[in-house]
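Novice: Have a look at the structure that comes next, please.
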Amino acid sequence: MAQGAGTAVSGVAFEDVSFSYSAGGAGRSALCDITLTLSSGELLAVVGANGSGKSTLARLCNGLLVASSGVVRVDGLDPADPDLTWDVRSRVAMVFQDPDNQIVGTVVEDDVAFGPENLGVPADEIRRRVDAALAAVGLAGFERREPHLLSDGQKQRLAMASALAMEPAYLVLDEPCAMLDPEGRADVLALADALAHERGHGVLLVTHDIADVAVADRVAVLDRGVLSFLGDPEDLLSDDAALTAAGLEMPSIGVLAALLRESGFDVPRRALTPEALVGALWH
Amino acid sequence: MSPARIAIGQYVPVDSPVHRLNALAKMGLVAAFTAALFLVHGFAGLAAAGAVLVAAIALSRVPAAAAARGVSAVAVIVAFTLLANGLRWRPATALVRVGPLALDAAGLRTGSFFALRILLLVIATTLLTLTTSPVEITEALERILRPLRPLGVPAGELAMTLTIALRFVPTTAEETERIVTAQSMRGARLDSGGPLARVRAWVPVLIAVFFNLFRRADDLAVAMESRCYHGGEGRTSMRMSKMRSADWVALLAGASMLIAMGLML
């Protein structure tokens, strides 16, 4: 199945990748000379303001878009190679922003089965995968529920189950929390955390909300198509100038935490939700 | 936003032998029933068909009122069939005369034969949709169309299109409700004025709905491609909805019985 995997380096690797939506590279590039790698078991957050190229980067991972220059490799495979399209897409699963616009099935289990059905997986094996995926996202017991009767947070977890049923090595979550209420958002982030750190998937979490980087191992900041920061989230959170330059805003809880630190409280920089902050102060 | 429970079709989700019967077998039986209705040449045949139908409804545990609901939709057609056959122009013998027009016994007999046939047909197909979920019907349609694939009939794609349409009926209904609310709050008057004014008031609503549908279609296509959808080729199905031996027995025995009944009565 994995031809050309002899020289395979595992991971989703970007090498000097540029992308322009206008043909011939005229006009401004949406992405400019991006080099980064997403590894298994890692949660890499990609943050940036609107129009920074985050979603473009996400869509380059599974060949929905093809780099104008530079190379993208998924476990050594080229997503732009038409013969490898479905192989690559079964390795890199995507979850999108709008929960309603990515659910295909008329009931929950049918939607989860959709991916494996497309891959030609035998019926018994699909059943096993559907049950496992729904259990992994905490939706066991919802098999026969109609999607429109789920909350947005549940719909988004369903989308993640549907992605998992393809048994991908990597998951690309393109702003999965943008349309969710705080509760749904917390669920999805906790799930992303568990998928990377307990189940060993490589997870790319695209977000415009700086608070989401709290669960990430590394964070990449995109500023108008350029990678302006790649490293430890704590280093980013302590660098106000870098945040401001990239058009990102520290959440008010982060500002409060900074004031507390100035007054001598020991508050970790990742404490970016009220719960995390209270927890940190309590200990 | 109320999570309004929008019923798709008329499916009554209870457990019964009729519900458990494979959709393909049920569709085959409805086809045989239809054939029998057109084969019978007397009221005895229609009565037998009616008895079969009553037994099937009883077996399905579907409320009889639900099964009769389809009848109101064809009431006009039934009445027209009855009158078109019953009314004569200045007949020799008549039951009731209204000027030159009159109701004739022989005509009424023919009329009620045809009307009863329509009624039984409608009730039988209603029973199919009452006991079979839209998804099962879609799957069965795919099975029926599959042999036509070499002729260029995209069976899998048609079934997928139907499934997606079903999936988005409630979503679109909810969205329409939301747009109506939003426009009403800004002074749109959708439920007053003459018919023309009302139609005109709905235009902006429909434009918004259609705009969103195109956006959705775009998003959905990308999501489907990301999940490796590339047409019906090489696709498997989790539910397969296999015809078990019991389904085959029910279909073959039931169909031959119905046809025999049609030929004899």
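So the protein lines, in turn, are chains A and B.
Numbering-wise, the first sequence is residues 1 to 283 according to my numbering.
Numbering-wise, the second sequence is residues 1 to 265 according to my numbering.
All residues carry an ideal CB built from backbone N, CA and C; glycine is no exception.
(1) Given this structure, state the Cα-to-Cα distance separating GLY105 (chain A) from ALA140 (chain B), to the nearest angstrom.
(2) Return helix, strand or coil for ALA36 (chain B), following the three-state DSSP convention.
(3) Examine chain A for any beta-carbon lying closer than 8 Å to the beta-carbon of PRO170 (chain B), and answer yes or no.
(4) Of the residues B:ARG189, B:THR131, B:ASP104 and B:GLY42, which one's Cα is nearest the Cα of PRO13 (chain B)?
(5) Can you have a look at LYS54 (chain A) and say buried or exposed, based on whether 16 or more other CB atoms are within 10 angstroms of its CB?
(6) Given that PHE114 (chain A) touches chain B, what residues does it touch there, using C-beta distances under 7 Å?
(7) Cutting at 7 Å between CB atoms, please list the residues of its own chain near VAL92 (chain A), excluding the five before and the five after it.
(8) In the region 91-108 of chain A, which residues sit with their C-beta less than 8 Å from some C-beta in chain B, listed in chain order?
(9) Report, in whole angstroms, the separation of the C-beta atoms of VAL72 (chain A) and PHE14 (chain A), which I expect to be a contact under 8 Å.
(10) Assign THR299 (chain A) to buried or exposed, taking buried as 16 or more other Cβ atoms, counted over all protein chains shown, within 10 Å of its Cβ.
(11) LEU82 (chain B) and SER16 (chain B) look like a contact to me (Cβ under 8 Å); what is the Cβ gap, rounded to whole Å?
(12) At what residue ranges does the region 172-199 of chain A contain a whole run of the alpha helix (DSSP H), taking only runs of 4 or more?
(13) For ALA102 (chain B), which option in B:GLY86, B:ARG117 and B:SER112 has the closest C-alpha, if you only look at C-alpha atoms?
(14) Going by the DSSP bridge assignment, what does SER285 (chain A) pair with across the sheet?
(15) Please list the partners that ILE210 (chain A) has in chain B, where partner means a Cβ-to-Cβ separation under 9 Å.
(16) Just confirm the distance between the C-beta atoms of LEU164 (chain A) and ALA133 (chain A), as a whole number of angstroms; I'd bet it's less than 8 Å.
(17) Just to confirm, are SER237 (chain B) and ALA123 (chain A) a CB contact at a threshold of 8 Å?
(18) Using the C-alpha atoms, what's the distance from ALA257 (chain A) back to PHE211 (chain B)?
(19) Taking the CB atoms as reference points, tell me whether VAL95 (chain A) and PRO182 (chain A) lie closer together than 8 Å.
(20) Could you pull the start and end residues of the beta strand (DSSP E) that ARG218 (chain A) belongs to?
(21) Buried or exposed, going by whether 16 or more other CB atoms sit within 10 Å of the CB of LEU46 (chain B)?
(22) Taking all protein chains shown into account, decide if GLN3 (chain A) is buried (16 or more other Cβ within 10 angstroms of its Cβ) or exposed.
(23) Quick one: complete alpha helix (DSSP H) runs, 4+ long, within the region 41-116 of chain A?
(24) Taking only three categories from DSSP, how would you classify LEU220 (chain B)?
(25) Taking a Cβ distance cut-off of 8 Å, strictly less, list which residues of the region 122-151 of chain A are near chain B, in chain order.
(26) Which residues of chain B have a Cβ atom closer than 7 Å to the Cβ of ASN62 (chain A), listed in chain order?
(27) Got a sec? Which residues, its chain only, sit under 8 Å from MET1 (chain B) by beta carbon, not counting five neighbours each side?
(28) If distances are taken between C-alpha atoms only, which option among A:GLY51, A:LEU44, A:SER40 and A:PHE19 comes closest to ASP223 (chain A)?
(29) Measure the alpha-carbon distance for ARG199 (chain A) versus GLU109 (chain A) and round it to whole angstroms.
(30) For LEU121 (chain B), which option in B:ALA221, B:GLY231 and B:ALA36 has the closest C-alpha, if you only look at C-alpha atoms?
(31) Comparing C-alpha positions only, which one of B:ALA56, B:TYR11, B:PHE38 and B:ARG20 sits nearest to GLY254 (chain B)?
(32) If you scan the region 62-137 of chain B from start to end, which runs of the alpha helix (DSSP H) of 4 or more residues do you find wholly inside it?
(33) Need the endpoints of the alpha helix (DSSP H) that GLY254 (chain A) sits in, please.
(34) Counting only C-beta atoms, is SER162 (chain A) closer than 8 Å to chain B at any point?
(35) How do the region 137-153 of chain A and the region 183-196 of chain A stand: do at least 3 beta-carbon pairs fall below 8 Å, yes or no?
(36) Kindly indicate which three-state DSSP category SER238 (chain A) falls into: helix, strand or coil?
Specialist: Taking the coordinates as given:
(1) Within the first sequence, residue 105 (chain A) is the residue found at index 105, counting from 1. Within the second sequence, residue 140 (chain B) is the residue found at index 140, counting from 1. Just so you know, the alpha carbons of GLY105 (chain A) and ALA140 (chain B) end up roughly 16 Å apart.
(2) Taking the first residue of the second sequence as 1, we reach residue 36 (chain B) at position 36. Helix at ALA36 (chain B).
(3) The residue you call residue 170 (chain B) lines up with position 170 of the second sequence. It does: the Cβ of PRO170 (chain B) has a partner Cβ on chain A nearer than 8 Å.
(4) Taking the second sequence and counting its residues from 1, the one referred to as residue 13 (chain B) is at position 13. If we check each option's Cα against that of PRO13 (chain B), B:THR131 comes out closest.
(5) In the first sequence, counting from the first residue as 1, residue 54 (chain A) sits at position 54. For LYS54 (chain A), the number of other beta carbons within 10 angstroms of its own is at least 16, and it is reported as buried.
(6) Taking the first residue of the first sequence as 1, we reach residue 114 (chain A) at position 114. Going along chain B in sequence order, the residues near PHE114 (chain A) (Cβ under 7 Å) are ARG227.
(7) Taking the first residue of the first sequence as 1, we reach residue 92 (chain A) at position 92. Same-chain partners within the cutoff: VAL12, CYS61, ASN62, VAL74, PRO168, TYR170 and VAL172.
(8) Result list: ALA93, MET94, PHE96, ASP98, ASP100, ASN101, GLN102, ILE103, VAL104, GLY105, THR106 and VAL107.
(9) Position 72 of the first sequence, counted from the start, is the residue given in the question as residue 72 (chain A). Position 14 of the first sequence, counted from the start, is the residue given in the question as residue 14 (chain A). With 8 Å as the limit, VAL72 (chain A) and PHE14 (chain A) qualify as a contact, their Cβ atoms being about 6 Å apart.
(10) Because residue 299 (chain A) is not part of the residues shown, which for chain A are 1 to 283, the question remains open.
(11) Looking up residue 82 (chain B) in the second sequence gives position 82. Looking up residue 16 (chain B) in the second sequence gives position 16. Between LEU82 (chain B) and SER16 (chain B) a beta carbon distance of about 33 Å is seen, past the 8 Å cut, so the two are scored as non-contacting.
(12) Segments of the alpha helix (DSSP H) lying fully in the region 172-199 of chain A: 182-197.
(13) Start at 1 with the first residue of the second sequence, and residue 102 (chain B) comes out as number 102. That would be B:GLY86, whose Cα lies nearest to the Cα of ALA102 (chain B).
(14) Nothing can be reported for residue 285 (chain A): it is not among the residues displayed for chain A, which extend from 1 to 283.
(15) Translated into the one-based positions of the first sequence, residue 210 (chain A) becomes position 210. Listed by position along chain B, the residues whose Cβ is nearer than 9 Å to that of ILE210 (chain A) form an empty set, because the closest Cβ is around 26 Å away.
(16) By one-based count along the first sequence, residue 164 (chain A) stands at place 164. By one-based count along the first sequence, residue 133 (chain A) stands at place 133. Rounded to the nearest angstrom, the Cβ distance from LEU164 (chain A) to ALA133 (chain A) is 4 Å, consistent with a contact under 8 Å.
(17) As a working note, residue 237 (chain B) is residue 237 in the second sequence. As a working note, residue 123 (chain A) is residue 123 in the first sequence. Yes; because the gap between Cβ atoms is below 8 Å, this pair is in contact.
(18) Position 211 of the second sequence, counting from 1, holds the residue named residue 211 (chain B). Position 257 of the first sequence, counting from 1, holds the residue named residue 257 (chain A). Each residue's Cα considered, the two are about 44 Å apart.
(19) The residue you call residue 95 (chain A) lines up with position 95 of the first sequence. The residue you call residue 182 (chain A) lines up with position 182 of the first sequence. Going by C-beta atoms, VAL95 (chain A) is not nearer than 8 Å to PRO182 (chain A).
(20) As a working mapping, residue 218 (chain A) is identified with position 218 in the first sequence. Here the beta strand (DSSP E) through ARG218 (chain A) covers 218-223.
(21) Within the second sequence, residue 46 (chain B) is the residue found at index 46, counting from 1. Flag for LEU46 (chain B) reads buried.
(22) Within the first sequence, residue 3 (chain A) is the residue found at index 3, counting from 1. Caution applies to GLN3 (chain A), whose pLDDT of 44 falls short of 50 and renders its modelled position unreliable; the model cannot decide the point.
(23) Counting whole runs of 4 or more residues, the region 41-116 of chain A contains the alpha helix (DSSP H) stretches 54-60 and 85-91.
(24) Here residue 220 (chain B) corresponds to residue number 220 of the second sequence, with the count starting at 1. Correct three-state label for LEU220 (chain B): helix.
(25) Only PRO122, ALA123, ILE126, ARG127, VAL130, GLU146, PRO147, HIS148 and LEU149 from the region 122-151 of chain A bring a Cβ to less than 8 Å from some Cβ of chain B.
(26) Residue mapping note: residue 62 (chain A) aligns to position 62 of the first sequence, counting from 1. Ordered by position in chain B, the residues that pass the 7 Å Cβ test against ASN62 (chain A) are SER226.
(27) Stepping through the second sequence from its first residue, residue 1 (chain B) is reached at position 1. Unreliable placement is indicated for MET1 (chain B), whose pLDDT of 38 sits below 50; the coordinate value is still reported in the next sentence. For MET1 (chain B), same chain residues with a beta-carbon under 8 Å away, outside a window of 5 residues either side, are GLU174, GLU177 and ARG178 in chain order.
(28) Position 223 of the first sequence, counting from 1, holds the residue named residue 223 (chain A). The shortest Cα separation from ASP223 (chain A) among A:GLY51, A:LEU44, A:SER40 and A:PHE19 belongs to A:GLY51.
(29) One-based indexing of the first sequence puts residue 199 (chain A) at position 199. One-based indexing of the first sequence puts residue 109 (chain A) at position 109. Spanning the two alpha carbons is a distance of roughly 22 Å.
(30) Against the second sequence, residue 121 (chain B) aligns to sequence position 121. Selected option, being the one with the closest Cα: B:ALA36.
(31) In the second sequence, the residue the question calls residue 254 (chain B) occupies position 254. The residue from B:ALA56, B:TYR11, B:PHE38 and B:ARG20 with its alpha-carbon nearest to that of GLY254 (chain B) is B:ALA56.
(32) Listed in chain order, they are 64-73, 75-86 and 105-131.
(33) Taking the first residue of the first sequence as position 1, residue 254 (chain A) is located at position 254. Per DSSP, the continuous alpha helix (DSSP H) segment holding GLY254 (chain A) begins and ends at 252-262.
(34) Reading the first sequence from its first residue, position 162 is the one you call residue 162 (chain A). Taking Cβ atoms only, chain B reaches closer than 8 Å to SER162 (chain A), which makes this a yes.
(35) Between the region 137-153 of chain A and the region 183-196 of chain A, the count of C-beta pairs closer than 8 Å reaches three or more; the two stretches touch.
(36) For the purposes of this step, residue 238 (chain A) is identified with residue 238 of the first sequence, where counting begins at 1. Coil.
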